[in-house]
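There are 2 protein chains.
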Amino acid sequence: MTLMSEARSGISDVIIEVAKVEGIEPEKLRKKVVEGRITIPLNPIHSPEPLGIGEGLRVKVNANIGTSPDHKDIDEEIQKAKVALKYGSEAVMDLSVGGDLDEIRRKLIKAVNKPFGTVPIYQAGIVAARKSAVVDMSEDDMFSSFERHAKDGVDFVVAHCGITLESVSRLKKQKRILDLVSRGGSFHTAWILHNQKENPLYENYDYLLEIAQKYDLTLSLGDGMRSGCIYDANDRAKIQELLIIGELVERAREKGVSTIVEGPGHVPLNIIESNIKIMKSATKNAPYYVLGPLVTDIAPGYDHIVSAIGGAIAGYAGADFLCYVTPSEHLSLPTVEDVKEGVIAARIAAHSADLARGIGWDRDIQMAKARRDLNWEEMFKLVLDPEKAKKYREKRKPKDEELCSMCGDLCAIKLPRKYLRNEGE
Amino acid sequence: MTLMSEARSGISDVIIEVAKVEGIEPEKLRKKVVEGRITIPLNPIHSPEPLGIGEGLRVKVNANIGTSPDHKDIDEEIQKAKVALKYGSEAVMDLSVGGDLDEIRRKLIKAVNKPFGTVPIYQAGIVAARKSAVVDMSEDDMFSSFERHAKDGVDFVVAHCGITLESVSRLKKQKRILDLVSRGGSFHTAWILHNQKENPLYENYDYLLEIAQKYDLTLSLGDGMRSGCIYDANDRAKIQELLIIGELVERAREKGVSTIVEGPGHVPLNIIESNIKIMKSATKNAPYYVLGPLVTDIAPGYDHIVSAIGGAIAGYAGADFLCYVTPSEHLSLPTVEDVKEGVIAARIAAHSADLARGIGWDRDIQMAKARRDLNWEEMFKLVLDPEKAKKYREKRKPKDEELCSMCGDLCAIKLPRKYLRNEGE
Numbered sequence: 001m002t003l004m005s006e007a008r009s010g011i012s013d014v015i016i017e018v019a020k021v022e023g024i025e026p027e028k029l030r031k032k033v034v035e036g037r038i039t040i041p042l043n044p045i046h047s048p049e050p051l052g053i054g055e056g057l058r059v060k061v062n063a064n065i066g067t068s069p070d071h072k073d074i075d076e077e078i079q080k081a082k083v084a085l086k087y088g089s090e091a092v093m094d095l096s097v098g099g100d101l102d103e104i105r106r107k108l109i110k111a112v113n114k115p116f117g118t119v120p121i122y123q124a125g126i127v128a129a130r131k132s133a134v135v136d137m138s139e140d141d142m143f144s145s146f147e148r149h150a151k152d153g154v155d156f157v158v159a160h161c162g163i164t165l166e167s168v169s170r171l172k173k174q175k176r177i178l179d180l181v182s183r184g185g186s187f188h189t190a191w192i193l194h195n196q197k198e199n200p201l202y203e204n205y206d207y208l209l210e211i212a213q214k215y216d217l218t219l220s221l222g223d224g225m226r227s228g229c230i231y232d233a234n235d236r237a238k239i240q241e242l243l244i245i246g247e248l249v250e251r252a253r254e255k256g257v258s259t260i261v262e263g264p265g266h267v268p269l270n271i272i273e274s275n276i277k278i279m280k281s282a283t284k285n286a287p288y289y290v291l292g293p294l295v296t297d298i299a300p301g302y303d304h305i306v307s308a309i310g311g312a313i314a315g316y317a318g319a320d321f322l323c324y325v326t327p328s329e330h331l332s333l334p335t336v337e338d339v340k341e342g343v344i345a346a347r348i349a350a351h352s353a354d355l356a357r358g359i360g361w362d363r364d365i366q367m368a369k370a371r372r373d374l375n376w377e378e379m380f381k382l383v384l385d386p387e388k389a390k391k392y393r394e395k396r397k398p399k400d401e402e403l404c405s406m407c408g409d410l411c412a413i414k415l416p417r418k419y420l421r422n423e424g425e
Numbered sequence: 426m427t428l429m430s431e432a433r434s435g436i437s438d439v440i441i442e443v444a445k446v447e448g449i450e451p452e453k454l455r456k457k458v459v460e461g462r463i464t465i466p467l468n469p470i471h472s473p474e475p476l477g478i479g480e481g482l483r484v485k486v487n488a489n490i491g492t493s494p495d496h497k498d499i500d501e502e503i504q505k506a507k508v509a510l511k512y513g514s515e516a517v518m519d520l521s522v523g524g525d526l527d528e529i530r531r532k533l534i535k536a537v538n539k540p541f542g543t544v545p546i547y548q549a550g551i552v553a554a555r556k557s558a559v560v561d562m563s564e565d566d567m568f569s570s571f572e573r574h575a576k577d578g579v580d581f582v583v584a585h586c587g588i589t590l591e592s593v594s595r596l597k598k599q600k601r602i603l604d605l606v607s608r609g610g611s612f613h614t615a616w617i618l619h620n621q622k623e624n625p626l627y628e629n630y631d632y633l634l635e636i637a638q639k640y641d642l643t644l645s646l647g648d649g650m651r652s653g654c655i656y657d658a659n660d661r662a663k664i665q666e667l668l669i670i671g672e673l674v675e676r677a678r679e680k681g682v683s684t685i686v687e688g689p690g691h692v693p694l695n696i697i698e699s700n701i702k703i704m705k706s707a708t709k710n711a712p713y714y715v716l717g718p719l720v721t722d723i724a725p726g727y728d729h730i731v732s733a734i735g736g737a738i739a740g741y742a743g744a745d746f747l748c749y750v751t752p753s754e755h756l757s758l759p760t761v762e763d764v765k766e767g768v769i770a771a772r773i774a775a776h777s778a779d780l781a782r783g784i785g786w787d788r789d790i791q792m793a794k795a796r797r798d799l800n801w802e803e804m805f806k807l808v809l810d811p812e813k814a815k816k817y818r819e820k821r822k823p824k825d826e827e828l829c830s831m832c833g834d835l836c837a838i839k840l841p842r843k844y845l846r847n848e849g850e
């Protein structure tokens, strides 16, 4: 029985645990799980810390890691996973496409005690490409890759079921600047066009649901049509894919299979909200997992900042799960340090969105009080990255240990204290 | 005659120049300058490149630099100014409070060919503090500091005229967590409470306007009550100051004196828009210059990212001028590298806001086309920081020079090309 089916008959321990962490009523959470508004990706084979993703909960952050054909160092990827978790990533996805994919995935799952996701179609495509070409994947290659990942304990898998003959035809008419930037989306599109056949993951979606049921595998319905530049955002190709995904979400719910839906991509900030709202309508409020959104195309090297802007706006508008973007996005495979920077930028975005929705204020209020009291020790306990904050303070030590080297004894907090609060200097 | 008075009688060369840069009709610009909706800070003694700030124009960025009592290295500050301009800051402010303030200011003005701003009250306060205490500044110390800066060619000055007996009394009733974080605001508040007298810059505002008229000095009506933590945002103390400033803006316009109004501060992202709208109403649409806004308090070391989120939202909501925040904010005086990071984060915010308002799309479209064509040379011409982007690409060189080390030959852009566009691989 899946967690979703189980929720229909009552409140399980997992529901109680997630409700406690989020500070909401277990019964409220149970109902939203039943309705598919909240997903708890949890494959019993892996059994990670339960994590709720969806309506009304704290906005969550995922870090994508994984090898590439040009750079395949398993130990480094494990290091990335650890650093991502240390700095507040609530989930990790292995997007490896280089080296021994089974070995990498299995080692990473062991290292990650939070929900772990993969994109099984990569493995199917790569195995085919190593023999001849991605477009030579068989239908069996595809589905057996999903089952293989589920058996290893993967909690959620990306399935690009919305890339179909219909949406690809709409993509062609769309005349985008950048047709596709989703790796999985490009695999399926090439496959459909080359073989002149429907996407098996769509055509035999019921089989995918069977696998998902068997392992309680959450389907993250992938954003193959996500815009790769702001010009292409929210276009007909993307919305077409979303309409198809909306139908598939409802079919999954009927079978007790949990879903998440994936979103942009590059989107100018004025149309992020409409993207989120239309997604929530089209899927009857499935949890929304967004990459970025990136609000401009011209800042490679700083795309973690570009994404933090879009992610904060998206989270406030109703996105539930932010996929981080690192500073090396669009340029090279990220390093461990890039992963850290990406996670922190995404956590800032998620937390800012939470605050705007009235969630998570305690820590900011404690921080403000510590700052008022010039209590540096307390401040360093409360900040997202104590090491970096300390490093900055130490870089230019203040003459007076109570103050900082920015204003010194002209500190705006200290100066008016005795006049406003009758406290001595 | 001031630029604003001159605009009443016709279109000057400066108006033509700014209109051309912004791509708008000179007559439209002239009218907005007359109405005080757009300000061009330009002291003829300095005569910088004319820069329009205000309604309907591109969002501009300012970099604050300057020494502190703990760290006073003039050459380093000049280096910061140069780096700020190189990476797209459209104005520079000298906030020096350590060392020989006259010497620093004069050297910096020579190094900066864009609008240059200062906070004259710092010098008045510091001179008094070096003798006895900030609260011992005389009225004459204050005004003569403004004239001294104007004579040196300063284009715009911060004047905290909204810190008055009335607004300070409201601050006391507000019971903030963090009373004040504005250095100038704290000087005036301490002065008012200690001397039990009205702020001279408010009481004798007409005299300040005379100085401003004489030198065509733009008044940046300072945000002494800006919130130092998100809990205190948009509170009664702040709005009281804003109401006072709104009246002063109108009095300045009557005398042909240009104004800018300063804003937050720390503000949760859901109330940034209301902050901007109420400011625009209270000042009859004066140009709005915001610091941040910072959308959470818990990320020192990353406050350039925190501010980029707030700045982008503010710019889209109508803020005209973003003051950058560096990663060292709240921790130490910034280094040259911090200044660079701060300027780029603020430029990302400003540009994202511009895009959302339909401005500045050409560069992003060119970038998207270069990316589609995997034309790295062209991409590096278009990005905000070519050196950093190249560094990231080189760090992990791709095996195939056309691609990058993220996906290698599984590139989502290249793979489906031959199927979608009948182009060879």
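Quick note, the sequences are listed as chains U and V, same order.
Per this note's numbering, residue 1 is the first one in the first sequence, and the count goes up by one each step.
Per this note's numbering, residue 426 is the first one in the second sequence, and the count goes up by one each step.
Virtual Cβ for every residue (Gly too), placed ideally from N, Cα, C.
Going along chain V in order, which residues have a C-beta closer than 8 Å to the C-beta of U:Ala-389? Here the question's residue 389 of chain U lines up with position 389 in the first sequence. Against chain V, the beta carbon of U:Ala-389 has neighbours under 8 Å at Pro-725, Gly-726, Leu-756, listed in chain order.
Return no unless some Cβ of chain U is closer than 8 Å to the Cβ of V:Val-808. Within the second sequence, residue 808 of chain V is the residue found at index 383, counting from 1. So yes, V:Val-808 belongs to the interface.
Quick one: which chain V residues come within Cβ less than 7 Å of U:Ser-328? Against the first sequence, residue 328 of chain U aligns to sequence position 328. The answer, in chain order, is Tyr-817.
Measure the CB-CB distance between U:Ser-68 and U:Tyr-324 and report whether it falls below 8 Å. Along the first sequence, one-based indexing puts residue 68 of chain U at 68. Along the first sequence, one-based indexing puts residue 324 of chain U at 324. No, the pair does not count as a contact, with Cβ atoms beyond the cut-off.
Which chain U residues are close to V:Met-831, counting only those with a beta carbon under 7 Å from its beta carbon? Within the second sequence, the letter at position 406 stands for residue 831 of chain V. Within 7 Å Cβ-Cβ: Ser-68, Ser-332, Leu-333.
Which of the three DSSP states is assigned to U:Ile-260 in this structure? One-based indexing of the first sequence puts residue 260 of chain U at position 260. Reduced to three states, the DSSP call for U:Ile-260 is strand.
Which same chain residues, not among the five before or five after U:Tyr-215, have their C-beta less than 6 Å away from its C-beta? Here residue 215 of chain U refers to the residue found at position 215 of the first sequence. Excluding sequence neighbours, U:Tyr-215 sits near Asn-43, Ala-150.
Assigned secondary structure, V:Leu-700 (DSSP; H/G/I helix, E/B strand, else coil): Your numbering for residue 700 of chain V matches position 275 in the second sequence. For clarity, residue 700 of chain V is Asn in the given sequence; the question names Leu instead. Three-state result, V:Asn-700: helix.
Should U:Asn-48 and U:Val-14 be called a contact, given that it needs their Cβ atoms to be closer than 8 Å? As a first step, residue 48 of chain U must be located in the first sequence, where it is residue number 48. As a first step, residue 14 of chain U must be located in the first sequence, where it is residue number 14. Per the sequence shown, the amino acid found at residue 48 of chain U is Pro instead of Asn. Not in contact: U:Pro-48 and U:Val-14 (Cβ atoms no closer than 8 Å).
Mind listing, in chain order, the continuous alpha helix (DSSP H) runs of no fewer than 4 residues lying wholly within the segment 340-379 of chain U? The segment 340-379 of chain U contains these whole alpha helix (DSSP H) runs: 361-372.
Restricting to Cα atoms, I'd like to know which of V:Val-720, V:Lys-709, V:Leu-845 is closest to V:Ala-658. Position 233 of the second sequence holds residue 658 of chain V. Comparing Cα-Cα distances from V:Ala-658 to each of V:Val-720, V:Lys-709, V:Leu-845, the minimum goes to V:Val-720.
Less than 8 Å between CB atoms is the rule here; does U:Pro-44 satisfy it with respect to chain V? Taking the first residue of the first sequence as 1, we reach residue 44 of chain U at position 44. No - not a single Cβ of chain V is within 8 Å of the one on U:Pro-44.
If you count every other CB in all the chains shown that lies within 10 Å of the CB of U:Asn-427, and 16 or more means buried, which is it? Because residue 427 of chain U is not part of the residues shown, which for chain U are 1 to 425, the question remains open.
So with Cβ pairs under 8 Å, would you call U:His-160 a contact of chain V? If you number the first sequence from 1, residue 160 of chain U lands on position 160. Chain V, which has no Cβ nearer than 8 Å to the Cβ of U:His-160, makes this no.
If I measure Cβ to Cβ from U:Glu-211 and keep anything under 8 Å in the same chain, skipping five residues before and after, which residues do I get? For this step, residue 211 of chain U is matched to residue 211 along the first sequence. The amino acid at residue 211 of chain U is misidentified as Glu; the sequence shows Ile. Here the set comprises Phe-143, Phe-146, Glu-147, Ala-150, Leu-217.
Going by CA-CA distance only, name the one from U:Leu-108, U:Leu-242, U:Leu-374, U:Ser-169 that's closest to U:Asn-275. Within the first sequence, numbered from 1, the residue matching residue 275 of chain U stands at position 275. Checked all of U:Leu-108, U:Leu-242, U:Leu-374, U:Ser-169; the closest Cα to U:Asn-275 is U:Leu-242.
From which residue to which residue does the alpha helix (DSSP H) around V:Thr-708 run? By 1-based counting over the second sequence, the position of residue 708 of chain V is 283. Segment: none, V:Thr-708 is in no alpha helix (DSSP H) and carries neither H nor E.
Would V:Asn-695 pass as an interface residue toward chain U - the criterion being a Cβ-Cβ separation below 8 Å? Taking the second sequence and counting its residues from 1, one reaches residue 695 of chain V at position 270. So, interface residue.
Need the endpoints of the beta strand (DSSP E) that V:Asn-659 sits in, please. As a position in the second sequence, residue 659 of chain V is number 234, starting the count at 1. Looking at the DSSP string, V:Asn-659 is not in any beta strand (DSSP E), and its letter there is neither H nor E.
Since I believe V:Ala-775 is in contact with V:Leu-747 (beta carbons under 8 Å), could you give me their beta-carbon distance rounded to a whole number of angstroms? Position 322 of the second sequence, counting from 1, holds the residue named residue 747 of chain V. Position 350 of the second sequence, counting from 1, holds the residue named residue 775 of chain V. Indeed, because the Cβ distance is near 5 Å, the residues count as touching under 8 Å.
Residue range of the alpha helix (DSSP H) that includes U:Gly-125: Translated into positions along the first sequence, residue 125 of chain U becomes position 125. Residue range 120-131 is occupied by the alpha helix (DSSP H) that includes U:Gly-125.
Identify, in the order they occur along the chain, each residue of the same chain with its Cβ nearer than 6 Å to the Cβ of V:Val-560, setting aside the five sequence neighbours on each side. Stepping through the second sequence from its first residue, residue 560 of chain V is reached at position 135. The residues are Ala-615, Trp-616, His-619.
Own chain residues within Cβ distance below 8 Å of V:Phe-805, not counting five before or after: Within the second sequence, numbered from 1, the residue matching residue 805 of chain V stands at position 380. Closer than 8 Å at Cβ, skipping near neighbours: Pro-811, Ala-814, Lys-815.
Can you look up U:Val-157 in the DSSP assignment and give me helix, strand or coil? Within the first sequence, the letter at position 157 stands for residue 157 of chain U. Reduced to three states, the DSSP call for U:Val-157 is strand.
Return the residue from the list V:Leu-673, V:Glu-672, V:Ile-738, V:Ala-733 that minimises the CA-CA distance to V:Ile-697. Position 272 of the second sequence, counted from the first residue, corresponds to residue 697 of chain V. Among V:Leu-673, V:Glu-672, V:Ile-738, V:Ala-733, the Cα nearest to that of V:Ile-697 belongs to V:Ile-738.
Anything in the segment 410-423 of chain U with a Cβ closer than 9 Å to a Cβ of chain V? List those residues in chain order, please. If the cut-off is 9 Å between Cβ atoms, the segment 410-423 of chain U has Leu-410, Cys-411, Ala-412, Ile-413, Lys-414, Leu-415, Pro-416, Arg-417, Lys-418, Tyr-419, Leu-420, Arg-421 near chain V.
Rounded separation between U:Ala-124 and U:Ile-260 - CA only: The sequence position of residue 124 of chain U within the first sequence is 124, counting from 1. The sequence position of residue 260 of chain U within the first sequence is 260, counting from 1. One C-alpha to the other measures close to 22 Å.
Using 10 angstroms around the beta-carbon of V:Gly-681, count the other beta-carbons present and answer buried if the total reaches 16, otherwise exposed. Sequence index remark: in the second sequence, residue 681 of chain V carries index 256 (1-based). That one is buried.
For the segment 767-786 of chain V and the segment 408-418 of chain U, state whether three or more C-beta atom pairs, one from each stretch, are separated by less than 8 Å. no
Which two residues bound the contiguous beta strand (DSSP E) that contains U:Leu-291? Numbered from 1 along the first sequence, position 291 holds the residue referred to as residue 291 of chain U. U:Leu-291 -> beta strand (DSSP E) spans 288-291.
Tell me, please, whether the segment 275-284 of chain U touches the segment 242-251 of chain U by the rule of three or more beta-carbon pairs shorter than 8 Å. yes
Quick check on U:Lys-172 - is its C-beta less than 8 Å from some C-beta in chain V? Residue mapping note: residue 172 of chain U aligns to position 172 of the first sequence, counting from 1. It does; some Cβ of chain V falls within 8 Å.
Could you check whether the segment 324-337 of chain U touches the segment 361-371 of chain U, counting it as contact only if at least three pairs of C-beta atoms, one from each stretch, sit closer than 8 Å? Because the criterion of three Cβ pairs below 8 Å is not met, the segment 324-337 of chain U and the segment 361-371 of chain U do not touch.
Nearest-angstrom Cβ-Cβ length linking U:Gly-301 and V:Tyr-547, presumed shorter than 8 Å: For the purposes of this step, residue 301 of chain U is identified with residue 301 of the first sequence, where counting begins at 1. For the purposes of this step, residue 547 of chain V is identified with residue 122 of the second sequence, where counting begins at 1. Actually they are not in contact, since the Cβ atoms of U:Gly-301 and V:Tyr-547 sit about 35 Å apart, beyond 8 Å.
Consider the Cβ of V:Arg-821: report whether some Cβ of chain U lies at a distance smaller than 8 Å. Counting from 1 along the second sequence, the entry for residue 821 of chain V is found at position 396. V:Arg-821 counts as touching chain U.
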